[in-house]
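**Q** Numbering (the numbering used here), first residue to last: 121 to 442. Think of the CB as a built atom: it goes at the ideal place given N, C-alpha and C, for glycine as much as any other residue.
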Ligand SMILES: Nc1ncnc2c1ncn2[C@@H]1O[C@H](COP(=O)(O)OP(=O)(O)OP(=O)(O)O)[C@@H](O)[C@H]1O
Ligand code: SF4
Ligand SMILES: [Mg+2]
């Protein structure tokens, strides 16, 4: 069931990728709803399918990616039934995305002002108006003073400033959904906090939804309203962040919460969860977390645990009782 308040509804999404080692089942039948105006976190370790899910929403499929099933509804429209032209119109104007490394999306040969104005004119904004809007957008995202910053090239800016520019480009056409894929992972802690603060302010000011993809449950706890916890291509727990943070039900969620880096430094995350996620080339018969779970028993290997709800705003997939 989808609700009128849902901007995006993902149902039973299954995505596979052809790799040198064979077919990787990267996303294995997930359901996820992003409501209007919410910041929805998608959290999980490396390789669990977060980016493939995000790219599916944008329908940014590389040649080796195969959609094997499911639906993504955007304001009730089935995204997979749209033509490439319709999807192109949607990208940027309704849904846009920012990545961990802003340099991958910026052209080193052009000034940031030129690139921002070009994004606007490509969406039909007149040249004169684009120049004024670029200045305003840079101001909105804290790139100051915007007039002189406009003439800088990407290599002249810090990582934090570049991420602000990327955010300015992503919100330039007032999208309803901003997908932020690990937008602060490469930044130091202070700058990371500033970018998270900026995203929260933009959501508040523009009533935009944000899908925040991260390894770090600390970021989820700080800025997200709801969360979907991903493991091995599936969603193991989802719902209200405060509820889940206070009372995580899936052992993986508890382990992620225990792994929040206390010092806030980069690169140390998840060192405390023993073992590694399963190889997504293989079929997973029982609970995917069983090899790492301290509560695993025979029943866990029999079949994937079905999701169960413990409240309207909290569900999880584990055989352990409530
Ligand atoms: N282009 C690709 N070719 C082959 N396999 C891929 C490709 N992109 C992703 N995969 C595989 O698909 C699975 C999901 O990858 P995905 O990038 O979605 O993970 P992620 O959760 O975003 O990880 P990270 O936190 O490291 O960004 C992984 O097993 C990965 O190895
Ligand atoms: S189903 Fe079993 S193995 Fe999986 S998380 Fe729950 S207790 Fe652990
Ligand atoms: Mg990723």
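Closer than 8 Å: is that where the CB of residue 276 sits relative to any heavy atom of ligand 1?
**A** no
**Q** What is the rounded straight-line gap between the Cα of residue 411 and the Cα of residue 398?
**A** 9 Å
**Q** So is the beta-carbon of residue 434 under 8 Å away from any non-hydrogen atom of ligand 2?
**A** At a threshold of 8 Å, residue 434 does not count as near ligand 2, since its beta carbon sits no closer than that to any of the ligand's heavy atoms.
**Q** Going by DSSP, name the residue or residues bridged to residue 194.
**A** Answer is 128 and 197, bridged to residue 194.
**Q** Using a 10 Å radius around the Cβ and a threshold of 16 neighbouring Cβ atoms, would you call residue 270 buried or exposed?
**A** buried
**Q** Using C-beta distances below 8 Å, list every residue in its chain close to residue 174, excluding the 5 sequence neighbours before and after it, in chain order.
**A** A distance below 8 Å between beta-carbons, with the five flanking residues on each side excluded, links residue 174 to the following residues of its chain, in chain order: 162, 217, 299, 301, 331 and 333.
**Q** Using the beta carbon as the reference atom, which residues fall closer than 7 Å to any heavy atom of ligand 2, ordered along the chain?
**A** Answer in sequence order: 370, 371, 372, 407, 409, 410, 413, 415, 416, 417, 420, 425, 438, 439 and 440.
**Q** Using alpha carbons as the reference points, say which of 224, 220, 255 and 360 lies closest to residue 234.
**A** 255
**Q** Flag this pair as yes or no: are the beta carbons of residue 284 and residue 158 separated by less than 9 Å?
**A** no
**Q** Would you call the CB atoms of residue 360 and residue 433 closer than 9 Å?
**A** Contact: yes.
**Q** Fully enclosed by the stretch 293-339, which alpha helix (DSSP H) runs are 4 residues long or longer?
**A** Every alpha helix (DSSP H) of 4 residues or more that sits fully in the stretch 293-339 is shown, in chain order, as 309-326.
**Q** Please find out if some non-hydrogen atom of ligand 1 comes closer than 8 Å to the beta-carbon of residue 301.
**A** At least one heavy atom of ligand 1 lies less than 8 Å from the C-beta of residue 301.
**Q** Restricting to Cα atoms, I'd like to know which of 373, 436 and 282 is closest to residue 414.
**A** Ranked by how close their Cα comes to the Cα of residue 414, the residues 373, 436 and 282 have 373 in first place.
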